[in-house]
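*Asks:* Submitted below is the structure of interest, expressed as structure tokens.
Residue numbers (the numbering used here): 71 to 228.
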């Protein structure tokens with residue numbers, strides 16, 4: 071842990087892993103155990119992260135310079151996260167992400183601890199999950215308090 075402020079430039083950020091579709095790169099800029107971690111994922115069209123959860127909460131910001139929205143799946147629905155929007159995911163809450171079929175997006179993530187402390191635990195067989203389809207993109211919900219209530223109410227009535 072650093073006791074002083076510091077700056078990490080993009081070319082000095084640590085690569086966590088690279089995926090096999092296009093130029094998807096996950097970079098970690100800040101990784102302070104017990105403090106905070108911050109990084110970026112550049113999602114290319116069609117790329118996705120299968121359903122997973124973390125040992126900590128997670129804050130996601132869809133970069134305002136993104137070409138398209140990101141799509142996140144939770145509570146049995148796809149939700150559209152437009153450029154500049156933010157999503158809070160509570161500790162242990164299963165969710166996943168997908169780029170659209172024609173436009174990618176950049177995600178900024180923040181955990182209250184190191185990337186290792188947050189972890190990424192996949193739920194189910196990640197091979198069974200697929201990226202969002204064009205039809206699902208068109209039907210993705212936009213988050214409002216009313217939409218969230220109706221989704222929650224429909225789950226309770228089933």
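Note that beta-carbon positions come from the ideal geometry of N, C-alpha and C, so glycine has one too. Remember, it's a predicted structure, so these values are computed and weren't measured experimentally.
#1: Taking 9 angstroms as the cut-off, decide whether the C-beta atoms of residue 150 and residue 163 are in contact.
#2: Quick one, which of 132, 99 and 167 has its alpha-carbon nearest residue 76's?
#3: So what does DSSP say about residue 219, is it helix, strand or coil?
#4: Could you tell me the distance, in whole angstroms, from the CA atom of residue 189 to the CA atom of residue 125?
#5: Quick check: residue 104 and residue 185, are their CB atoms within less than 9 angstroms of each other?
#6: DSSP state of residue 188, grouped into three classes?
#7: On the CB-based measure, 16 or more other CB atoms within 10 Å of its CB, does residue 132 come out buried or exposed?
#8: Measure the Cβ-Cβ separation of residue 78 and residue 179 and say whether it is below 9 angstroms.
#9: Which same chain residues, not among the five before or five after residue 221, have their C-beta less than 7 angstroms away from its C-beta?
#10: Just curious, the beta strand (DSSP E) that residue 140 is in, first and last residue?
#11: Identify which residue in 85, 204 and 138 has its Cα closest to the Cα of residue 176.
#12: Name the two residues that bound the continuous alpha helix (DSSP H) containing residue 204.
#13: To the nearest angstrom, report how far apart residue 201 and residue 165 are at their CA atoms.
#14: Given this structure, state the Cα-to-Cα distance separating residue 197 from residue 117, to the nearest angstrom.
*Replies:* Let me lay it out:
#1: Walking along the chain shown from the start, residue 150 turns up at place 80. Walking along the chain shown from the start, residue 163 turns up at place 93. Result no, Cβ atoms of residue 150 and residue 163 do not sit closer than 9 angstroms.
#2: Reading the chain shown from its first residue, position 6 is the one you call residue 76. The shortest Cα separation from residue 76 among 132, 99 and 167 belongs to 99.
#3: Position 149 of the chain shown, counted from the start, is the residue given in the question as residue 219. Residue 219 falls in the helix class under three-state DSSP.
#4: Walking along the chain shown from the start, residue 189 turns up at place 119. Walking along the chain shown from the start, residue 125 turns up at place 55. Cα-Cα distance, rounded: 6 angstroms.
#5: By 1-based counting over the chain shown, the position of residue 104 is 34. By 1-based counting over the chain shown, the position of residue 185 is 115. Against a cut-off of 9 angstroms, the Cβ pair of residue 185 and residue 104 comes out as no contact.
#6: Against the chain shown, residue 188 aligns to sequence position 118. Three-state DSSP puts residue 188 in a helix.
#7: In the chain shown, residue 132 corresponds to position 62, counting from 1. So residue 132 counts as buried.
#8: Mapped onto the chain shown, residue 78 falls at position 8. Mapped onto the chain shown, residue 179 falls at position 109. Contact flag unset, no.
#9: The residue labelled residue 221 in the question sits at position 151 within the chain shown. Correct list, in chain order: 145 and 147.
#10: In the chain shown, the residue the question calls residue 140 occupies position 70. It spans 140-144 - the beta strand (DSSP E) in which residue 140 sits, taken as one unbroken run.
#11: If you number the chain shown from 1, residue 176 lands on position 106. Considering only alpha carbons, the answer is 138.
#12: Looking up residue 204 in the chain shown gives position 134. Per DSSP, residue 204 belongs to the alpha helix (DSSP H) from 204-209.
#13: Translated into the one-based positions of the chain shown, residue 201 becomes position 131. Translated into the one-based positions of the chain shown, residue 165 becomes position 95. Distance between the alpha carbons of residue 201 and residue 165 is about 13 angstroms.
#14: As a working mapping, residue 197 is identified with position 127 in the chain shown. As a working mapping, residue 117 is identified with position 47 in the chain shown. Approximately 13 angstroms, taken between the alpha carbons.
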